[in-house]
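Participant: Residue numbers (our numbering), protein chains in the order written: chain U, 39 to 375; chain D, 39 to 375. Glycine included, C-beta positions come from ideal geometry on N, C-alpha and C. The structure displayed is predicted, hence computed values, not measured ones. Submitted below is the structure of interest, expressed as structure tokens.
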DNA sequence: CCGGCTCGTGTTATCGCTAACACTTGCGGC
DNA sequence: GCCGCAAGTGTTAGCGATAACACGAGCCGG
């Protein structure tokens with residue numbers, strides 16, 4: 039209610055203390071609940087705070103405590119569905135724990151761009167850093183990661199030099215591949231992601247080894263760049279290939295492009311061609327036909343990432359790797375019709 | 039190269055000064071380029087900085103200068119394509135200008151959630167705030183916006199109480215509608231977004247007034263929630279309606295759902311039904327059929343938003359509203375076949 | 001009735017930095 | 001030959017908060 043009308047500068051602890059007729063320490067104690075304060079005094083102080091519209095200066099607090107209350111996130115391609123959802127999960131968990139989240143995105147992956155991003159965040163005095171950049175260069179960059187601020191990665195490879203939270207890409211690819219094999223296909227083709235992406239490699243390995251385990255022939259791999267456009271290109275070049283009737287595409291966007299290529303070529307899905315994607319973006323259920331895909335719970339990944347980071351910030355050194363289990367969502371693209 | 043091996047705590051200005059044999063002020067001058075320093079001294083200081091792996095403490099600097107070098111962004115549904123891209127554009131522009139970006143997202147729109155988010159950012163001592171929440175409650179919440187930190191909004195309504203950068207939704211809707219009318223349809227139906235979203239309202243108004251201007255009948259509006267699911271539901275309930283052969287759907291996801299409903303109902307697009315979406319998400323070109331849609335340049339919006347905010351932070355009070363022009367992308371969903 | 005406790009409060013130092021000013025030099029102008 | 005000014009450097013005083021300790025009042029136990 040009683041707002042200061044002039045809004046001159048921003049009240050400080052001292053201003054509040056003067057108005058309440060106490061020392062600034064008492065005000066500090068009221069605000070932080072540290073130390074005992076007489077009820078009556080507390081009321082006076084709170085009134086003064088209200089009247090001056092006082093807001094603690096987090097910068098000053100950070101300086102003296104050494105804790106900025108801020109987390110840093112380095113994100114590659116933060117406007118994609120997966121990274122954006124993960125970021126959202128992290129931010130949400132961080133906020134609940136009282137942390138602010140500073141983000142710095144990098145447009146092109148690379149050793150130095152990631153190192154620079156981490157450096158920028160350190161200058162901002164973040165208390166912990168999350169790197170969402172499942173890229174081989176990231177893995178290398180993180181080898182040189184600073185030791186004085188806890189750092190965890192999302193979706194790093196098997197042997198990343200830092201703790202990693204990730205959906206089990208290998209297992210997801212296995213499920214997708216076995217699903218297709220289980221439908222009676224002799225083998226399963228694969229449209230992979232870029233070979234400098236760790237997730238692409240893991241999915242490809244999961245696909246390949248599953249085929250091997252089942253004694254199936256391993257067709258050549260086509261590689262895209264995650265975009266629908268590249269999936270479409272892959273479809274154009276692949277459709278008509280002998281023995282091609284089941285494809286595991288490394289993400290949903292590329293699968294959409296692939297579907298489009300099939301449609302244009304007059305190849306019926308799932309009649310003549312069965313397709314499985316990866317991610318389960320919200321639109322996948324409305325593709326034509328609805329896409330069977332492997333669901334990744336990105337928000338959960340974000341949540342767990344923050345949990346791990348917090349444990350590290352508190353000095354914990356527990357487990358270094360946390361796998362989130364993916365789920366196969368079966369829809370018409372591998373249906374019966 | 040010469041990193042300190044022990045990594046004890048983090049060197050301060052004083053440590054560097056001691057090592058270089060100068061006062062801490064001289065070190066400060068070297069770092070910031072303020073005031074004259076003898077070349078030889080500068081070399082010694084830089085060597086000391088290198089040797090100690092010194093990094094300026096931005097918190098201390100922020101405390102004394104009153105400038106945190108940080109921007110705050112409040113985002114609603116930050117994992118959607120549009121907001122995420124806008125955020126990306128803002129963050130990029132901010133970074134180039136030397137600002138860090140702190141993000142705080144809100145899951146449900148509402149007066150208090152937005153006010154809270156802004157409050158959190160103010161506590162973080164941000165120098166400027168961007169609100170990406172084109173929601174009616176946001177408009178109301180911003181009326182009570184604090185006056186001591188510059189604030190701009192993305193995608194606010196016509197009469198938002200703060201400066202706004204937005205794509206011209208009205209004009210985009212006009213283009214979409216006129217495109218369909220130009221193809222000879224008697225009228226154009228509309229699947230709208232939620233009525234508490236400003237962009238949904240603007241698009242609907244653009245559609246409605248365009249029909250009026252052309253003397254076309256105004257069909258009832260169906261309302262979705264931006265999701266493909268809701269677009270599908272709209273399609274299910276609408277398909278078969280008398281005189282329905284042209285639809286302007288308020289975003290691409292819903293358009294996808296609508297397409298799906300048409301496909302299931304055996305309605306050929308564009309043969310029996312023409313559809314236009316809005317946004318031009320990267321996948322729209324690969325829908326079946328490829329979707330005619332209105333492109334919004336979200337990254338450009340983000341860039342301009344930062345520019346405006348910076349001018350405000352520098353005390354500027356120039357224009358309060360900036361419209362980015364959308365573009366109609368014609369594809370097969372309104373094609374000839 | 002005194003020592004030692006807790007409660008409630010104040011005083012002082014400190015975090016790492018920049019702002020403001022003071023102080024030496026050395027040099028040019030008159 | 002003295003004044004003034006610029007270059008180069010140092011000293012001091014905060015910024016707004018918390019930490020650490022100090023201190024008086026009241027209470028309890030022995």
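Any C-beta of chain U within less than 8 Å: which residues of the stretch 79 to 102 of chain D qualify?
Facilitator: Flagged, chain order: 93, 94, 95, 96, 97, 98, 100, 101.
Participant: Exposed or buried, which one is residue 348(D) when buried takes at least 16 other CB atoms within 10 Å?
Facilitator: When all chains shown are included, residue 348(D) counts as buried.
Participant: Anything in chain U within Cβ reach of residue 162(D), meaning under 7 Å, just list it in chain order.
Facilitator: Near residue 162(D) (Cβ distances below 7 Å), the residues of chain U are 96, 138.
Participant: For residue 72(D), which of helix, strand or coil comes out of DSSP?
Facilitator: In the structure shown, residue 72(D) sits in coil (DSSP, three-state: anything other than H, G, I, E or B).
Participant: Residues bridged to residue 228(D) by DSSP?
Facilitator: Looking at the DSSP assignment, residue 228(D) forms a beta bridge with 259(D), 286(D).
Participant: I need the straight-line Cα distance from residue 107(U) to residue 228(D), nearest angstrom please.
Facilitator: When rounded, the distance between both Cα atoms is 47 Å.
Participant: Residue ranges of each beta strand (DSSP E) run of no fewer than 3 residues wholly in the stretch 108 to 156 of chain U, ordered along the chain?
Facilitator: Qualifying beta strand (DSSP E) stretches, in chain order: 108 to 114, 138 to 144.
Participant: Run the CB neighbour count on residue 311(U), radius 10 Å, all protein chains shown included, and call it buried at 16 or more, exposed below.
Facilitator: By the 10 Å Cβ count, residue 311(U) comes out buried.
Participant: May I ask you to report which of helix, strand or coil DSSP gives residue 165(D)?
Facilitator: It is coil, neither helix nor strand.
Participant: State the CB to CB distance for the pair residue 377(U) and residue 287(U), rounded to an integer number of angstroms; the pair is presumed to be in contact (CB under 8 Å).
Facilitator: The question about residue 377(U) has no answer, for chain U in this structure spans 39 to 375.
Participant: When you check each C-beta in the stretch 278 to 296 of chain D against every C-beta of chain U, which residues fall closer than 8 Å?
Facilitator: So the close ones are 291, 294, 295.
Participant: Count Cβ pairs between the stretch 44 to 61 of chain D and the stretch 92 to 110 of chain D that sit closer than 8 Å; are there 3 or more?
Facilitator: In short, these stretches touch, since the Cβ pair count reaches three.
Participant: In or out: residue 155(U) buried (at least 16 other Cβ within 10 Å) or exposed?
Facilitator: Residue 155(U) should be labelled buried.
Participant: Around the Cβ of residue 202(D), are there at least 16 other Cβ atoms within 10 angstroms (buried) or fewer (exposed)?
Facilitator: Counting Cβ neighbours within 10 Å, residue 202(D) comes out buried, since at least 16 surround it.
Participant: Check the C-beta distance from residue 183(D) over to residue 225(D) and give it rounded, since I have them as a contact under 8 Å.
Facilitator: Their Cβ separation, rounded to whole angstroms, is 41 Å, which puts residue 183(D) and residue 225(D) out of contact at 8 Å.
Participant: Considering residue 361(D), what are the terminal residues of the beta strand (DSSP E) in which it resides?
Facilitator: 359 to 362 is the extent of the beta strand (DSSP E) around residue 361(D).
Participant: Could you tell me which residues DSSP puts in a beta bridge with residue 312(U)?
Facilitator: DSSP lists 284(U) as partners of residue 312(U).
Participant: Would you mind stating whether residue 142(D) and residue 110(D) have Cβ atoms separated by less than 8 Å?
Facilitator: A contact, by the Cβ cut-off of 8 Å.
Participant: Would the stretch 288 to 306 of chain D count as touching the stretch 362 to 370 of chain D if we require 3 or more Cβ pairs under 8 Å?
Facilitator: No contact exists between the stretch 288 to 306 of chain D and the stretch 362 to 370 of chain D.
Participant: Counting contacts by CB-CB distance shorter than 8 Å, is residue 320(D) in contact with chain U?
Facilitator: With 8 Å as the cut-off, residue 320(D) counts as an interface residue toward chain U.
Participant: Which of the three DSSP states, helix, strand or coil, is assigned to residue 200(U)?
Facilitator: Coil at residue 200(U), not helix or strand.
Participant: Strictly under 8 Å for the Cβ-Cβ distance: is residue 216(D) near chain U by that measure?
Facilitator: No - not a single Cβ of chain U is within 8 Å of the one on residue 216(D).
Participant: I'd like to know whether the C-beta atoms of residue 175(U) and residue 144(U) end up nearer to each other than 8 Å.
Facilitator: No. Outside cutoff.
Participant: How about residue 207(D) and residue 244(D): are their beta carbons less than 8 Å apart?
Facilitator: Yes, the pair counts as a contact, with Cβ atoms nearer than the cut-off.
Participant: Would you verify that the beta carbon of residue 39(D) is, or is not, closer than 8 Å to some beta carbon of chain U?
Facilitator: Low confidence applies here, because residue 39(D) scores a pLDDT of 40, under 50, leaving its location unreliable; read the following figure in that light. So, not an interface residue.
Participant: What separation, rounded to the nearest whole angstrom, lies between the Cα atoms of residue 289(D) and residue 302(U)?
Facilitator: Computed Cα separation, rounded: 24 Å.
Participant: What first and last residue would you give for the alpha helix (DSSP H) that runs through residue 101(D)?
Facilitator: Residues 96 to 103.
Participant: Report buried or exposed for residue 159(D), applying the criterion of at least 16 other Cβ atoms within 10 angstroms of its Cβ.
Facilitator: The residue in question, residue 159(D), is buried, as its Cβ has 16 or more Cβ neighbours within 10 Å.
Participant: Kindly indicate the opening and closing residues of the beta strand (DSSP E) around residue 322(D).
Facilitator: Segment: none, residue 322(D) is in no beta strand (DSSP E) and carries neither H nor E.
Participant: So which of 131(D), 115(D), 86(D), 330(D) has the shortest CA-CA distance to residue 297(D)?
Facilitator: Closest option to residue 297(D), Cα to Cα, is 330(D).
Participant: Using a Cβ cut-off of 9 Å, pull out every chain U residue sitting near residue 48(D), in sequence order please.
Facilitator: Those within 9 Å of residue 48(D) in chain U are 186.
Participant: Please state the DSSP three-state secondary structure of residue 179(D).
Facilitator: In this structure, residue 179(D) counts as helix in the three-state DSSP scheme.
Participant: Taking the beta strand (DSSP E) that residue 331(D) falls in, what are its first and last residues?
Facilitator: 331 to 333 is the extent of the beta strand (DSSP E) around residue 331(D).
Participant: Which chain U residues sit within Cβ distance under 8 Å of residue 70(D)?
Facilitator: What residue 70(D) touches in chain U: nothing, since even the nearest Cβ is about 14 Å away.
Participant: In the DSSP assignment, the beta strand (DSSP E) including residue 305(U) goes from what residue to what residue?
Facilitator: That residue, residue 305(U), is in no beta strand (DSSP E); it is neither H nor E in DSSP.
Participant: Since residue 191(D) is in the beta strand (DSSP E), which residue starts that stretch and which ends it?
Facilitator: That run of the beta strand (DSSP E) goes 189 to 192.
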